[in-house]
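Asks: If you read the protein sequences in the order shown, they are chains L and H. Sequential numbering from 20 applies to the first sequence in our numbering. Sequential numbering from 594 applies to the second sequence in our numbering.
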Amino acid sequence: MTSKPRDAATATSPLGLLLITGAVATVGLLIVAPLASVFVDAFSNGPRAWWEALAHDPDTRHAIWLSLTVAPIAVLINTIFGVAAAWLVARFRFPGRSLLVSLFDVPFSVSPVVAGLALVLIFGRQGLLGPTLAGLAVKVIFAWPGLVLATTFVTLPLVVRELIPVMEAIGPEEEMAAVSLGANGWQVFWRVTLPNIRWALLHGVVLANARAMGEFGAVYVVSGHIAGATDTMPLRVEKLFQEYRTPASMAVASVLAALALLTLVAKVFIERQLETESKELEAARAPGADTDPTTGGLGP
Amino acid sequence: MNKNPPTSIPTRRVRQRTVLPGFGLSAAITSLMIVGLVVIPLAVLILRAASLGPAGFLAAAWTPRARAAYAVSLGASLAAAIISSLLGLLVAWVLVRLEFPGRRILDALVDVPLALPTAVAGLVYSTLYVEKGWLGQILVPVGIKGAYSRLGIVLVLVFVSLPFAIRVVQPVIESLDKDTEEAARLLGASKSQTFLRVVLPGILPAVVTGFALALARALGEYGSVVFISGNMPFKTEIAPVLIVSRLEEFAYAEATAIAVVLLGMSLSMLIVVNVLQQRLARNAQ
Numbered sequence: 020m021t022s023k024p025r026d027a028a029t030a031t032s033p034l035g036l037l038l039i040t041g042a043v044a045t046v047g048l049l050i051v052a053p054l055a056s057v058f059v060d061a062f063s064n065g066p067r068a069w070w071e072a073l074a075h076d077p078d079t080r081h082a083i084w085l086s087l088t089v090a091p092i093a094v095l096i097n098t099i100f101g102v103a104a105a106w107l108v109a110r111f112r113f114p115g116r117s118l119l120v121s122l123f124d125v126p127f128s129v130s131p132v133v134a135g136l137a138l139v140l141i142f143g144r145q146g147l148l149g150p151t152l153a154g155l156a157v158k159v160i161f162a163w164p165g166l167v168l169a170t171t172f173v174t175l176p177l178v179v180r181e182l183i184p185v186m187e188a189i190g191p192e193e194e195m196a197a198v199s200l201g202a203n204g205w206q207v208f209w210r211v212t213l214p215n216i217r218w219a220l221l222h223g224v225v226l227a228n229a230r231a232m233g234e235f236g237a238v239y240v241v242s243g244h245i246a247g248a249t250d251t252m253p254l255r256v257e258k259l260f261q262e263y264r265t266p267a268s269m270a271v272a273s274v275l276a277a278l279a280l281l282t283l284v285a286k287v288f289i290e291r292q293l294e295t296e297s298k299e300l301e302a303a304r305a306p307g308a309d310t311d312p313t314t315g316g317l318g319p
Numbered sequence: 594m595n596k597n598p599p600t601s602i603p604t605r606r607v608r609q610r611t612v613l614p615g616f617g618l619s620a621a622i623t624s625l626m627i628v629g630l631v632v633i634p635l636a637v638l639i640l641r642a643a644s645l646g647p648a649g650f651l652a653a654a655w656t657p658r659a660r661a662a663y664a665v666s667l668g669a670s671l672a673a674a675i676i677s678s679l680l681g682l683l684v685a686w687v688l689v690r691l692e693f694p695g696r697r698i699l700d701a702l703v704d705v706p707l708a709l710p711t712a713v714a715g716l717v718y719s720t721l722y723v724e725k726g727w728l729g730q731i732l733v734p735v736g737i738k739g740a741y742s743r744l745g746i747v748l749v750l751v752f753v754s755l756p757f758a759i760r761v762v763q764p765v766i767e768s769l770d771k772d773t774e775e776a777a778r779l780l781g782a783s784k785s786q787t788f789l790r791v792v793l794p795g796i797l798p799a800v801v802t803g804f805a806l807a808l809a810r811a812l813g814e815y816g817s818v819v820f821i822s823g824n825m826p827f828k829t830e831i832a833p834v835l836i837v838s839r840l841e842e843f844a845y846a847e848a849t850a851i852a853v854v855l856l857g858m859s860l861s862m863l864i865v866v867n868v869l870q871q872r873l874a875r876n877a878q
């Protein structure tokens, strides 16, 4: 993502300046201007009005609380899935493996609205499991379990996609050495694998969390959009906007935007750690380094 | 073909490759999630649509309003993907090849659309481009309506798809061999000839992949578009918005049929992306 530019000289040429202006204008107009205007609009009536819009509206308070509950649950599920799936795909060869890998990407290309509808067709009142769930008095659609399912679906690829390339680059040698020295599966995972993948895992978790907090389409369909009950923060933004309460809507939006900025700062920091580690890995793999006694003879 | 007992083949193949534990557990968790959350729901969606029968499916999925929605969705997404690819190529090129103050900040800002909730993007874009907004003040008097119009849909779709177009092309520009470009220049090629004949063939697969990713992302987008499009049937209503409004009328059959058409479009994009990426990987070797 960040590499050293190789022909810095052309930056001062007319063409170079033109290209830079174009790129800065693109990012400025399309990305920076909207982002800045969230904060300007949110605080246009002063910080007091901003705080009141957030804290004194019980439906908004509930939406904040609901988002802070649903997103972590979905992220936790996807962390467990991501680690398991990456372990499976990066450490074993089995029939159907490449089909499985392409299935990981499906949630990226399915419209969130379509995903939400599919969940309604299964768990909704007229859905496949509708009568069974009604008999058990369990509510999934128009309730928080539906929100968790929809959020988990849209964020499904994010953790596993981060882990697979890193685990494949590291290779299984250290883990095999640990096994041959008598470590059991959990010991291998906690003491060898996890320390190696921790930054990639954190990267995936941060991205998944951002997407989970911000998910709109899938959550909109399964939530029923009930204020004070199933409205998450993004849904609350839309409802306040529809009710012509744009300042309040902007206040909620500004919290989400601040969270997005925080995510980006964390992302840049984590990417720097990842870069350092991959350089260390390369250095360790340099010619002459593969006589390391712990990996000798165990490679594939 | 050897005649081993068929049941022992898969496990033996696995065990022979590695001594690592955890195959069973990780396979169980992975298949539970993939089958339970992806395969079954999408299969149920398709079966529901299939149960309408060919005539019923067509009657539900091919109404004039639905056709108009597909046209708006496809048209706006194609326009957005083309704009994103061109702007993405420009930004990626500048980020890799030119050194200037603030380059790293620009690089980080490119990811904003990935982290910013789409509802926030839609809300802000619509307030920016309405008559009284920052940009609307200037643009609306000149006749450019960026809110409650098709242009508005294209704008937010460019916003959500731009990072994909940039991040796919960026590493490929980084890996380009600069010596070839220098050789072309030394042999008398002009700057534009070098770009068109030497650079472009190398990065074209990546640009096309970025285009396909941007298109797939734009086709499914909902959150940002509902804010800015005005959602007028036959004019600014996209397919995902139509699905939601059918669902709110409890017209499940129609919503499902339209969803299957949209799913077909997105999955074919996924296949295109996969084929392109394989070709890209082959070219890189």
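We put the beta carbon where it would ideally sit given N, CA and C, even for glycine.
Which bits of chain H does L:Trp163 rub up against, with CB to CB less than 9 Å?
Replies: Correct list: empty, because the minimum Cβ distance to chain H is about 16 Å.
Asks: Tell me which residue opens and which closes the alpha helix (DSSP H) that L:Trp163 is part of.
Replies: Taken as a continuous stretch (DSSP letters only), the alpha helix (DSSP H) holding L:Trp163 covers 163-189.
Asks: Which runs of the alpha helix (DSSP H) at least 4 residues long sit entirely within the region 203-261 of chain L? Give them in chain order.
Replies: Listed in chain order, the complete alpha helix (DSSP H) runs (minimum 4 residues) inside the region 203-261 of chain L are 204-207, 213-233, 236-242, 252-261.
Asks: Beta-carbon of L:Ser63 versus every beta-carbon of chain H: anything under 8 Å?
Replies: No, because no Cβ of chain H sits closer than 8 Å to the Cβ of L:Ser63.
Asks: Please name the residue in L:Lys258, L:Glu262, L:Leu293 whose C-alpha comes closest to that of L:Ala82.
Replies: Residue L:Lys258 is the option with its Cα nearest to L:Ala82.
Asks: By a C-beta neighbour count over all protein chains shown, 10 Å radius and 16 as the cutoff for buried, is H:Val628 buried or exposed?
Replies: With fewer than 16 Cβ atoms within 10 Å of its Cβ, H:Val628 is classed as exposed.
Asks: For the region 624-670 of chain H, which segments carrying the alpha helix (DSSP H) assignment without a break, of at least 4 residues, lie completely within its bounds, in sequence order?
Replies: List check, alpha helix (DSSP H) in window: 633-643, 646-654.
Asks: Does any CB atom of chain H fall closer than 8 Å to the CB of L:Pro184?
Replies: No, L:Pro184 does not count as interfacial toward chain H.
Asks: Could you tell me which uninterrupted beta strand (DSSP E) segments, each at least 3 residues in length, are contained entirely in the region 692-770 of chain H, listed from first to last along the chain?
Replies: As far as the region 692-770 of chain H is concerned, it has no whole beta strand (DSSP E) run of at least 3 residues.
Asks: In angstroms with no decimal places, state the Cα-to-Cα distance between H:Ala654 and H:Ile851.
Replies: When rounded, the distance between both Cα atoms is 5 Å.
Asks: Should L:Ala229 be flagged as near chain H, meaning a C-beta pair shorter than 8 Å?
Replies: Yes, its Cβ sits closer than 8 Å to a Cβ of chain H.
Asks: Report the neighbours of L:Thr151 on chain H: residues whose CB is nearer than 7 Å to its CB, in chain order.
Replies: Those within 7 Å of L:Thr151 in chain H number zero; the least Cβ separation is about 14 Å.
Asks: Cβ of L:Gly286 less than 8 Å from any chain H Cβ?
Replies: Residue 286 of chain L is actually Lys in this sequence, not Gly. Taking Cβ atoms only, chain H reaches closer than 8 Å to L:Lys286, which makes this a yes.
Asks: With 16 other CB atoms within 10 Å as the buried threshold, where does L:Glu187 fall?
Replies: L:Glu187 comes out exposed.
Asks: For a contact meaning CB atoms closer than 9 Å, what does L:Glu257 contact in chain H?
Replies: Ordered by position in chain H, the residues that pass the 9 Å Cβ test against L:Glu257 are Ala712, Gly715, Leu716, Gly816, Val819, Phe820.
Asks: Less than 8 Å separating the beta-carbons of H:Ile821 and H:Val749?
Replies: Yes, Cβ-Cβ distance for H:Ile821 and H:Val749 is below 8 Å.
Asks: Helix, strand or coil for L:Ala45 per DSSP?
Replies: It should be noted that the sequence gives Thr, not Ala, for residue 45 of chain L. Helix at L:Thr45.
Asks: Thinking H:Ala708 and L:Thr282 are a contact (beta carbons under 8 Å), I'd like their distance in whole angstroms, please.
Replies: That pair is a contact at about 4 Å.
Asks: For L:Leu317 and L:Met195, I'd like the C-alpha separation in whole angstroms.
Replies: For L:Leu317, the predicted model reports a pLDDT of 41, less than 50, meaning its position is unreliable and no value from the coordinates is stated.
Asks: Nearest to H:Ile633 by CA position, among L:Leu300, L:Val256, L:Ala137, is which residue?
Replies: Residue L:Ala137 is the option with its Cα nearest to H:Ile633.
Asks: Is there a Cβ from chain L that is less than 8 Å from the Cβ of H:Ala777?
Replies: It does not; no Cβ of chain L falls within 8 Å.
Asks: Name the residue from L:Arg217, L:Gly204, L:Phe62 whose alpha carbon lies nearest to the alpha carbon of L:Pro266.
Replies: Nearest of L:Arg217, L:Gly204, L:Phe62 to L:Pro266, Cα basis: L:Phe62.
Asks: Any idea if L:Ala302 is buried or exposed, counting beta-carbon neighbours within 10 angstroms, 16 or more meaning buried?
Replies: Per the 10 Å Cβ criterion, exposed.
Asks: Ignoring anything shorter than 4 residues, give me the alpha helix (DSSP H) runs that lie fully in the region 773-848 of chain H, in order along the chain.
Replies: Runs found: 784-787, 793-813, 816-822, 832-841.
Asks: Taking beta-carbon pairs under 7 Å, can you tell me which members of the region 746-762 of chain H lie near chain L?
Replies: Cβ contacts with chain L: Val751, Phe752, Leu755.
Asks: Pop quiz: L:Val241 and L:Val125 are said to be a contact at Cβ under 8 Å. What is the actual Cβ separation, rounded to whole angstroms?
Replies: At roughly 18 Å, the Cβ-Cβ gap does not stay under 8 Å, so L:Val241 and L:Val125 are not in contact.
Asks: Going along the region 194-222 of chain L in order, which residues come within less than 8 Å of chain H, judged by CB to CB distance?
Replies: For the region 194-222 of chain L, which is checked against every Cβ of chain H, the residues closer than 8 Å are Glu194, Met195, Val198, Ser199, Asn203, Gly204, Val207, Phe208.
Asks: Using DSSP with H/G/I as helix, E/B as strand and the rest coil, what is L:Val159?
Replies: Residue state, collapsed to three classes: coil.
Asks: Return the Cβ separation of H:Pro614 and L:Gly204 in integer angstroms, given the expectation that the two are a contact with Cβ distance under 8 Å.
Replies: With 8 Å as the limit, H:Pro614 and L:Gly204 qualify as a contact, their Cβ atoms being about 4 Å apart.
Asks: Can you check whether the C-beta of H:Thr849 is within less than 8 Å of a C-beta belonging to chain L?
Replies: Taking Cβ atoms only, chain L reaches closer than 8 Å to H:Thr849, which makes this a yes.
Asks: At 9 Å on the CB atoms, spell out the chain L contacts of H:Met825, in chain order.
Replies: By Cβ distance, chain L contributes nothing, its closest Cβ being about 16 Å from H:Met825, past 9 Å.
Asks: Under a Cβ-count criterion, where at least 16 other Cβ atoms within 10 Å of its own Cβ denotes burial, should L:Pro319 be classed as buried or exposed?
Replies: Here the model assigns L:Pro319 a pLDDT of 39, short of 50, so the residue's position is not dependable and the matter cannot be decided.
Asks: According to a CB-to-CB cut-off of less than 8 Å, which residues of the region 645-662 of chain H neighbour chain L?
Replies: Hits within the stretch: zero.
Asks: Residues in the same chain with beta-carbon distance under 6 Å from H:Ala661, minus the five sequence neighbours each way, listed in chain order, please.
Replies: Here the set comprises Phe827.
Asks: Relative to the C-alpha of H:Leu702, which residue among H:Leu688, H:Leu873, H:Thr787 is closest?
Replies: Taking only the C-alpha atoms, the option nearest H:Leu702 is H:Leu688.
Asks: Counting pairs of Cβ atoms below 8 Å between the region 662-681 of chain H and the region 160-174 of chain L, do you hit three or more?
Replies: Judged by Cβ distances under 8 Å, the region 662-681 of chain H makes no contact with the region 160-174 of chain L, as fewer than three pairs qualify.
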